[in-house]
Amino acid sequence: MDDIERKQEETTAAEENPNRCRENLEKAVAAVKEALPGMTLLEREPMSQHSSFRIGGPVRALAVPSDVTSLTKLCSVLKQNHIAPMMLGNGTNILFPDEGLDQVFLVSTEKLTKMFLLPDGALYAEAGVSLSKLASFAQQNGLAGLEFASGIPGTVGGGTIMNAGAYGGELKDAIESVVCLYVPDQRLYELTREQCAFAYRSSLFKKLGGCLVLSVVFRLEKGDGETIAAKMRELNERRRDKQPLDLPSAGSAFKRPEGYYAAALIDEAGLKGYTVGGAQVSEKHAGFVVNIGGATSHDVYDLMMHVRNTVYREKGVQMEPEIIILPPDYRLEDFGPAVKPNIITMGERAES
Ligand SMILES: Cc1cc2nc3c(=O)[nH]c(=O)nc-3n(C[C@H](O)[C@H](O)[C@H](O)COP(=O)(O)OP(=O)(O)OC[C@H]3O[C@@H](n4cnc5c(N)ncnc54)[C@H](O)[C@@H]3O)c2cc1C
């Protein structure tokens, strides 16, 4: 807990002194180049290239470590320079700002793609494995329980943070344990499913921050490969029928409010097709905000704001964004008292 409190103090200090933060970031970029010359490091990389929305200005630095060891070395260099990295999976749940993120060091899990069966039959996957490859690998090995994930375009890491789910399934139902690097103390922890505090589109990692998911172990049921494949085909067909997969988006824009369906509320409020600039409430599925061409992050934000205000006015229901809107202080108007995240103590420390 001490580490968590210290980290929060450091974060506040950085917010109070953005120049210091920028200076630290410049030093960190130089230190990474010197200490890790083999590291892929993209500077001022446009995030529109890394987001399923196709929106976003340049980030100061985006590193792509080749494996878990080089990722941990990178984090150590960043820590020495007082920089906390932000992780990037497939960028399918994030709205990046047009102005860019000049105070952010992003780390992509693109190359963390090891996946294999453990001797006891469980499935091990690194954070950068795509959920579709994970589901196919499970199917090929006659393991059932991940069929719902085969059409979700994210990664194991992003999916775990978000507790991604569809058609009645959620990743938490298949996860046995998660190994993460906790940035404040630079140690590895192995958490059981219970310790991960999974909830609807949420987890301990999302609430706490500073936890980089490195790998996940999935415990699945034995099943018939053909039956599993048929289920995957059926769910993907339903997805293609109902969702606007031909247009850039970040999936469902809002979480499902308890007792309601976000898409139905938006539809009933007459907002299907509502457009701001290049952003539109999908004609095909009102739960999606799509980029119909040249959308800016402000278009998407203003559109989401309008949808949220209208649904609240007409239905009295507050809708919370499912999409992560960056930078984090870029918030949709609050309709009630802010709910403070519940900080839960970390689990057992793993052997590093
Ligand atoms: C067409 C479409 C359909 C979708 N359908 C669904 C659906 O059916 N169900 C559903 O739940 N979601 C859906 N999504 C949303 C999205 O795919 C999921 O939320 C997915 O799990 C995000 O994974 P990602 O790798 O893209 O994460 P990103 O978008 O890259 O990141 C999401 C968050 O996780 C953090 N993060 C990523 N990787 C790590 C890591 N290794 N360690 C720590 N933090 C990390 C990021 O910093 C960010 O805060 C859909 C999106 C699209 C575009």
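The sequence shown runs 5 to 356 under the working numbering. All C-beta atoms, glycine included, are put in the ideal place defined by N, C-alpha and C. Note that the coordinates shown come from a computational prediction; the quantities given were computed from them, not determined experimentally.
#1: Could you say which of LEU127, TYR171, ARG223 and ASN97 lies nearest to ALA257 if we only look at CA atoms?
#2: Give a yes or no on whether the C-beta atoms belonging to ALA283 and ALA299 are separated by under 7 Å.
#3: Flag GLY162 as yes when its Cβ comes closer than 6 Å to any non-hydrogen atom of ligand 1, and as no otherwise.
#4: Comparing the CB of GLN181 with every heavy atom of ligand 1, is any distance shorter than 6 Å?
#5: Report the rounded CA-to-CA distance for ASP124 versus GLY229, giving the unit in angstroms.
#6: Helix, strand or coil for LYS176? Go by DSSP, reduced to three states.
#7: Leaving out five residues before and five after GLU318 in sequence, what residues of the same chain have Cβ atoms less than 6 Å from its Cβ?
#8: Could you check what DSSP says for LEU224 in three-state terms: helix, strand or coil?
#9: May I ask you to report which of helix, strand or coil DSSP gives PHE152?
#10: If you run the structure through DSSP and keep just helix, strand and coil, what is ARG260?
#11: For ARG197, which three-state DSSP category applies?
#12: Can you give the Cα-Cα distance for LEU175 and VAL81, rounded to whole angstroms?
#13: Would ALA35 and ASN94 be called neighbours here (beta carbons separated by less than 7 Å)?
#14: Is there contact here, the region 33-47 with the region 68-78, by at least three beta-carbon pairs under 8 Å?
#15: Would you tell me roughly how many angstroms separate the C-alpha atoms of HIS289 and MET90, rounded to the nearest one?
#16: Extract the residue ranges of the alpha helix (DSSP H) inside the region 91-163, only unbroken runs of 4 or more that lie entirely within it.
#17: Using the beta-carbon count (16 or more within 10 Å), is LEU121 buried or exposed?
#18: With a 10 Å radius around its C-beta and 16 neighbouring C-beta atoms as the bar for buried, classify ALA201 as buried or exposed.
#19: Look at the Cβ atom of GLY255, then the Cβ atom of VAL217, and state whether they are nearer than 7 Å.
#20: Less than 8 Å between the CB atoms is what I'm expecting for ALA129 and LEU138, so what's the real figure, rounded?
#21: Can you list, in chain order, the residues of its chain whose CB lies under 7 Å from that of LEU330, leaving out five sequence neighbours each side?
#22: Would you please state the rounded distance, in angstroms, between the beta carbons of SER181 and ARG197? I believe it to be under 8 Å.
Reading off the structure:
#1: Taking the sequence shown and counting its residues from 1, the one referred to as residue 257 is at position 253. ALA257 has its Cα closest to that of ASN97, out of LEU127, TYR171, ARG223 and ASN97.
#2: Working through the sequence shown from its first residue, we reach residue 283 at position 279. Working through the sequence shown from its first residue, we reach residue 299 at position 295. Result yes, Cβ atoms of ALA283 and ALA299 sit closer than 7 Å.
#3: As a working note, residue 162 is residue 158 in the sequence shown. Yes, the beta carbon of GLY162 sits closer than 6 Å to at least one heavy atom of ligand 1.
#4: To locate residue 181, count along the sequence shown from 1; it is residue 177. Per the sequence presented here, residue 181 reads as Ser, with Gln not at that position. No, Cβ of SER181 sits at least 6 Å from all heavy atoms of ligand 1.
#5: Your numbering for residue 124 matches position 120 in the sequence shown. Your numbering for residue 229 matches position 225 in the sequence shown. If you take the alpha carbons of ASP124 and GLY229, they lie about 19 Å apart.
#6: On the sequence shown, residue 176 is found 172 positions in, with the first residue counted as 1. Helix.
#7: Taking the sequence shown and counting its residues from 1, one reaches residue 318 at position 314. For GLU318, where only same-chain residues beyond five positions count, the Cβ hits under 6 Å are ALA273.
#8: Working through the sequence shown from its first residue, we reach residue 224 at position 220. DSSP places LEU224 in coil when its eight states are reduced to three.
#9: Translated into positions along the sequence shown, residue 152 becomes position 148. Of the three classes helix, strand and coil, the one that applies to PHE152 here is helix, per DSSP.
#10: Within the sequence shown, residue 260 is the residue found at index 256, counting from 1. Three-state DSSP puts ARG260 in coil, outside helix and strand.
#11: Here residue 197 is taken as the residue at index 193 of the sequence shown, counted from 1. Note: ARG197 maps to coil in three-state DSSP.
#12: On the sequence shown, position 171 is the one that residue 175 refers to. On the sequence shown, position 77 is the one that residue 81 refers to. If you take the alpha carbons of LEU175 and VAL81, they lie about 32 Å apart.
#13: Residue mapping note: residue 35 aligns to position 31 of the sequence shown, counting from 1. Residue mapping note: residue 94 aligns to position 90 of the sequence shown, counting from 1. Result no, Cβ atoms of ALA35 and ASN94 do not sit closer than 7 Å.
#14: yes
#15: For the purposes of this step, residue 289 is taken as residue 285 along the sequence shown, with counting starting at 1. For the purposes of this step, residue 90 is taken as residue 86 along the sequence shown, with counting starting at 1. Whole-angstrom Cα-Cα distance: 31 Å.
#16: 135-144
#17: Here the question's residue 121 lines up with position 117 in the sequence shown. Exposed.
#18: As a first step, residue 201 must be located in the sequence shown, where it is residue number 197. By the neighbour-count rule (16 or more Cβ atoms within 10 Å), ALA201 is buried.
#19: For the purposes of this step, residue 255 is taken as the residue at position 251 of the sequence shown. For the purposes of this step, residue 217 is taken as the residue at position 213 of the sequence shown. No, these two residues do not count as a Cβ contact at 7 Å.
#20: The sequence position of residue 129 within the sequence shown is 125, counting from 1. The sequence position of residue 138 within the sequence shown is 134, counting from 1. Correct: roughly 5 Å between the Cβ atoms.
#21: On the sequence shown, position 326 is the one that residue 330 refers to. So the qualifying residues of the chain are ILE98, LEU99, PHE100, PRO101 and LEU105.
#22: Position 177 of the sequence shown, counting from 1, holds the residue named residue 181. Position 193 of the sequence shown, counting from 1, holds the residue named residue 197. SER181 to ARG197, Cβ: 7 Å. Contact.
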